[in-house]
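Here the structure is laid out as structure tokens; the discussion comes afterwards.
Numbering (my numbering), first residue to last: -3 to 278.
Structure follows, in structure tokens:
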């Protein structure tokens, strides 16, 4: 099984996590447009309890850059909202409709929309994080490391309080598999598809989580990325979960499976730490 097939298979079982998602504790705003294409929509999960200036996490799901839809990740929105975080879950265009970097451009547009509009939903743009799983973590990392994407979308990497990556491919050259080669063609441009190649040490703080038994996206993607950031003078931490595979890293985010791990605790602690470290701007 090649990397793309493995990514798609690992991310296709999330439906089970939504079966018992609580319908209370948050207000869900669905299909909000951030662009003019059919897949350029997002869902917002705003905690029900009123509070000023809630932190915001824009979370990009995985699926090998070829599959996925925001509706299948309600359990992620609920998990973040349960910790007082306003969650934004965008759809983005997929292969074969588009190739790299169009899905990263969509991610940038979703973050820019969030920056300019999330105040209407109780979030604070000055406390804005990007996050994702698998291919979605790649999109989030590209936005945090390559400033051109957010600049083109009328936002900035300086708008980001942090990056949270779960099982992300940040350093996956050489690209193998026919479909992946088409998604990231041409080969001469492969270096610009890798988040690690844009690290300067000026990136927002990073928390990278990875399963030690992940055979789909190898843990070295996260360990290499963290090493590069810290060597460059930035701030990044990694947590490797022994025996945990690619898709199962998400399991503790489901309401009925939180006893399986501390993934949600680590995410919430990271957000709270870097909200307290950052001035509260509009």
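Glycine included, every Cβ here is placed at the ideal spot set by N, Cα and C.
Note that the structure is predicted; figures quoted are calculated from it, not measured.
Discussion item. Going by DSSP, what residue range makes up the beta strand (DSSP E) through residue 161?
Written reply: Note, residue 161: beta strand (DSSP E), 156 to 162.
Item to complete: Would you list the residues sitting across from residue 174 in a DSSP beta bridge?
Response: According to DSSP, which records beta bridges pairwise, residue 174 is partnered with nothing at all.
Worksheet entry | Nearest-angstrom Cα separation, counted from residue 27 out to residue 194 | Those two C-alpha atoms are separated by around 32 Å.
Item to complete: Could you check what DSSP says for residue 53 in three-state terms: helix, strand or coil?
Response: Here residue 53 sits in strand by DSSP.
Worksheet item: Do the region 157 to 171 and the region 196 to 210 meet, that is, are 3 or more Cβ pairs less than 8 Å apart?
Response: The region 157 to 171 vs the region 196 to 210: in contact.
Worksheet entry | Ordered list of alpha helix (DSSP H) runs contained in the region 241 to 277, each at least 4 residues | 259 to 272
Item to complete: Please name the residue in 43, 75, 101 and 61 whose C-alpha comes closest to that of residue 33.
Response: Nearest C-alpha to residue 33: 101.
Fill in: Beta-carbon separation (whole angstroms), residue 104 vs residue 145, contact threshold 8 Å
4 Å
Worksheet item: So the alpha helix (DSSP H) residue 209 belongs to, where does it begin and stop?
Response: Careful: residue 209 lies outside any alpha helix (DSSP H) and carries neither H nor E.
Worksheet item: According to DSSP, is residue 90 helix, strand or coil?
Response: coil
Worksheet entry | Chain-order list of residues whose beta-carbon lies under 7 Å from that of residue 254 (same chain, five-residue window excluded) | 248 and 260.
Practice prompt. Kindly list the residues whose CB is nearer than 8 Å to the CB of residue 170, restricted to its own chain and excluding five residues on each side of it in sequence; keep chain order.
Written response: 186
Worksheet item: Is residue 15 buried or exposed, if buried means 16 or more other CB atoms sit within 10 Å of its CB?
Response: Counting the other Cβ atoms within 10 Å of the Cβ of residue 15 gives fewer than 16, which makes it exposed.
Worksheet entry | Simplified DSSP state of residue 43, which is helix, strand or coil | strand
Worksheet item: Taking all protein chains shown into account, do 16 or more other C-beta atoms lie within 10 angstroms of the C-beta of residue 264, making it buried, or fewer, making it exposed?
Response: buried
Practice prompt. State the start and end residues of the unbroken alpha helix (DSSP H) segment that holds residue 72.
Written response: 70 to 77
Worksheet item: My guess is that residue 53 and residue 83 are in contact by the Cβ rule of under 8 Å, so how many angstroms apart are they, rounded?
Response: 6 Å
Discussion item. If distances are taken between C-alpha atoms only, which option among 222, 112, 269 and 212 comes closest to residue 129?
Written reply: 212
Worksheet entry | Closest by C-alpha distance to residue 22, when choosing among 166, 204, 44 and 134 | 44
Practice prompt. Rank 112, 81 and 135 by C-alpha distance to the C-alpha of residue 59 and give the top, closest one.
Written response: 135
Worksheet item: Taking all protein chains shown into account, do 16 or more other C-beta atoms lie within 10 angstroms of the C-beta of residue 96, making it buried, or fewer, making it exposed?
Response: buried
Item to complete: Whole angstroms is fine: what's the gap from residue 29's alpha carbon to residue 37's?
Response: If you draw a straight line from the Cα of residue 29 to the Cα of residue 37, it comes to about 4 Å.
Worksheet item: For residue 115, which of 50, 258 and 269 has the nearest alpha-carbon?
Response: Selected option, being the one with the closest Cα: 50.
Worksheet item: Apart from the five residues on each side of it in sequence, which residues of its chain come closer than 7 Å, Cβ to Cβ, to residue 189?
Response: 96 and 180
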